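Here the structure comes first, spelled out in structure tokens, and everything after it is commentary.
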Amino acid sequence: MRNEKAGEYLFIPDIHGHLSRLQAALAVARRFPEAHLIFLGDLIDDSPRRRTARRDYRERGVADDSREVLRQVRELHQQGRASVLLGNHEVLACNTILDGDWGMQEIWWRNGGRETAASYGWRCHGEAGVLAEDLQWLREHGRLWLEVGPEGRKVLAAHATRPAPGRVATGLDRPEHLLPADEFDPVVWYPLGEDQQPPFLHALPTGFQASVHGHMEAAKVRELPGPDRLPAIQLDLHPGRGKVAVLHLSPAGERQVILQGIS
């Protein structure tokens, strides 16, 4: 997992088991062959609600593309081309399949878990097979946050909201460092909204210019000022927009949001 201070990066928001969304993001990546890809979490779980938002009316429980999405992302990671953050959907799936937390399964099942399981041919009984293997891979290689970019202009990437500066300083960014499941760790669960009480958009540590996030879909890319007035950039676009937003970070630390249509 990279934690470099220089280089070129592309931040890719939630794919949600939608292969065409991944393909759109990779079309942008082909324009920047030297860029390292950072997936911001929620690679899996194309829920019926999201399908309806983009006018796809397949019945609940029909397989999505989660298995193929994870296969391609794993391949990119193996090539040294990509890093992966955990989102709340990965956490739900891991808690259900790897830990046997069947209380979490109900939440996961309602929010796209059934569609992900169907993509692996798993029907909630017996061994989970390749699904369990892919989730174990996410636990081994996923991170809760990542900091990249040149000194003084670094960017902090996290799925939901920013970790507190003291937490960033600890470097405890692996899945085993998540807060207990019943505490709903803010880094994977809590939105960026200015009206959150208590506020969960912490100031950035010294040397950062911005943070970048997925998690909460919106009609357009948003930049929310934190208490330090530095922007938290929310990339996840509403599925009905038919576009994916990717953030490019140059080796000099310059930012550019790129919109790509989804076919």
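Numbering-wise, the sequence shown is residues 1480 to 1742 according to the numbering used here.
Positions of the beta carbon are idealized from the N, C-alpha and C atoms, including for glycine.
Predicted model only: the values in this text are computed from it and were never measured.
Asked	Found
Where Glu1594 falls: helix, strand or coil (DSSP)	helix
Whole alpha helix (DSSP H) elements within the region 1490 to 1518, 4-residue minimum	1498 to 1508
Cβ pair count under 8 angstroms reaching 3, the region 1656 to 1666 against the region 1606 to 1624	yes
Stretch-stretch touch, CB-based, cutoff 8 angstroms, three pairs: the region 1581 to 1590 with the region 1516 to 1523	no
Whole-angstrom distance between Val1627 and Glu1483, CA atom to CA atom	Summary for Glu1483: the model assigns pLDDT 49, below 50, so the residue's position carries little reliability, and this model does not support an answer.
Any beta strand (DSSP E) of 3 or more consecutive residues that is wholly inside the region 1679 to 1736	1687 to 1692, 1701 to 1704, 1710 to 1713, 1722 to 1728
Burial state of Glu1569 (16 or more Cβ within 10 Å)	buried
Candidates Ala1597, Glu1513, Gly1721, Arg1528, of which the one nearest Asp1543 by Cα	Ala1597
Proximity test, Cβ basis, 8 angstroms: Thr1649 and chain C	The chain inventory of the structure shown lacks chain C, comprising one protein chain alone.
Spatially closest choice to Leu1703 from Val1725, Pro1670, Leu1728, Gly1721, by CA coordinates	Pro1670
Cβ neighbours of Asp1613 in the same chain (closer than 6 angstroms, five flanking residues each side left out)	Leu1549
Straight-line Cα distance separating Leu1738 from Gly1693	15 angstroms
Cβ neighbours of His1638 in the same chain (closer than 6 angstroms, five flanking residues each side left out)	Leu1519, Gly1520, Leu1564, Gly1566, Val1667, Gly1693, His1694
Own chain partners of Leu1610 with C-beta closer than 7 angstroms, once the 5 adjacent residues on each side are dropped	Ile1576, Ala1596, Tyr1599, Trp1601
Straight-line gap, Val1541 to Leu1680 (C-alpha atoms, nearest Å)	36 angstroms
Proximity below 8 angstroms, CB of Ala1506 to CB of Tyr1488	no
DSSP beta-bridge partners of Gln1739	Val1723
Where Glu1662 sits in the DSSP three-state scheme	helix
Arg1481 in three-state terms, based on DSSP	Any answer about Arg1481 is weak, because its pLDDT of 43 lies below 50 and its placement is not dependable; what the coordinates show is given next. Coil at Arg1481, not helix or strand.
Nearest-angstrom Cα separation, counted from Glu1733 out to Ala1697	23 angstroms
Buried or exposed by the 16-neighbour rule on C-beta atoms within 10 Å, applied to His1495	buried
Length at least 3, wholly inside the region 1594 to 1653: the beta strand (DSSP E) runs in chain order	1624 to 1627, 1633 to 1637
Pairwise C-alpha distance: Arg1534 and Arg1618	33 angstroms
When Pro1642, Glu1538, Leu1555 are compared against Val1691, the one with the closest alpha-carbon	Pro1642
Exposure of His1497, with buried meaning 16 or more beta-carbon neighbours within 10 Å	buried
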